Amino acid sequence: MSPGLPQFDARNEILLSKQANNSTPERLDYDLPALFERDFNTLREESFDIDPTAVPFVLSEGKNEASLSERLSVVAKYPLEDQRRYFNSLSSAEWEQSGDWFTEQFSRVMDKMRRCRQERRHLAMQFEKEVADRHDAVIKEHLSLEGALAGMKKSGGAVLDKSTPKRKRG
């Protein structure tokens, strides 16, 4: 206990009664008796963005000591409510690093989508070229067959004209 700091006793009942009468109770990091027990320097050194009453989130598989990136990869597989609890347990610095991790993950997903779109366009172009090549081959073969058929028709007609006796009209 630091000298000069108020002690929790009957003299502090005013604080307690103010808190009890307040229509919107303040949410303190510590209850008043515990707060008066704490050393001011210790309180001042505590990070303002940590909730000392929060239950720490424990990762499975002993991953609490892993890097933040590894922990986030594990937490990404958790149900939504557990993810929410995990992110609520992070400090501001870890929260910002998590934002960087999410940005990196999003960039990877977007890059993968971009590559997939490019690959799909490339495959579509190859397919269209193959369709055009086959079309040209079919047209070429069709013209060749039509030419051959026309030739056969002409030569067949000529054979029939020469070899078939003509009827006389009379």
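All residue numbers for the sequence shown refer to the numbering used here, where the first residue is 123 and numbers rise by one.
Ideal placement from N, C-alpha and C gives every residue a C-beta, glycine not left out.
Because the structure is a prediction, the values reported are computed rather than measured.
Q | Residue of R207, S214, L194, S195 minimising C-alpha distance to F170 | A | One-based indexing of the sequence shown puts residue 170 at position 48. Among R207, S214, L194, S195, the Cα nearest to that of F170 is on S214.
Q. CB-CB under 8 angstroms to S220, same chain, minus the five flanking residues each way: which ones, in chain order?
A. By one-based count along the sequence shown, residue 220 stands at place 98. Closer than 8 angstroms at the Cβ level, and outside the excluded window around S220, lie L190, L194, F209, L212.
Q: With DSSP collapsed to three states, give me the class of D204.
A: Translated into the one-based positions of the sequence shown, residue 204 becomes position 82. Three-state DSSP puts D204 in a helix.
Q: Write down the C-beta distance between D68 and P174 rounded to the nearest angstrom, noting that I regard them as a contact closer than 8 angstroms.
A: In the structure as shown, the chain starts at 123 and stops at 292, and residue 68 therefore has no counterpart that could be examined.
**Q.** For L181, three-class secondary structure by DSSP
**A.** Residue 181 sits at position 59 when you count from the first residue of the sequence shown. Reduced to three states, the DSSP call for L181 is coil.
Q. Which same chain residues, not among the five before or five after W223, have their C-beta less than 8 angstroms away from its C-beta?
A. Counting from one through the sequence shown, the residue named residue 223 turns up at place 101. Within the same chain, W223 has close Cβ partners L190, S191, L194.
Q: Rounded to whole angstroms, what's the CA-CA distance from P178 to R207? Just pull it up for me.
A: The count along the sequence shown starts at 1 and reaches residue 178 at position 56. The count along the sequence shown starts at 1 and reaches residue 207 at position 85. Cα to Cα, P178 sits roughly 9 angstroms from R207.
(Q) Whole angstroms are fine: how far does the CA of R256 sit from the CA of S277? (A) The residue you call residue 277 lines up with position 155 of the sequence shown. The residue you call residue 256 lines up with position 134 of the sequence shown. Whole-angstrom Cα-Cα distance: 31 angstroms.
**Q.** First through last residue of the alpha helix (DSSP H) which encompasses N163
**A.** Taking the first residue of the sequence shown as position 1, residue 163 is located at position 41. Taken as a continuous stretch (DSSP letters only), the alpha helix (DSSP H) holding N163 covers 162-167.
Q. If you count every other CB in all the chains shown that lies within 10 Å of the CB of V197, and 16 or more means buried, which is it?
A. For this step, residue 197 is matched to residue 75 along the sequence shown. Result: buried.
Q. How is D153 classed by DSSP in three states: helix, strand or coil?
A. Within the sequence shown, numbered from 1, the residue matching residue 153 stands at position 31. Residue state, collapsed to three classes: coil.
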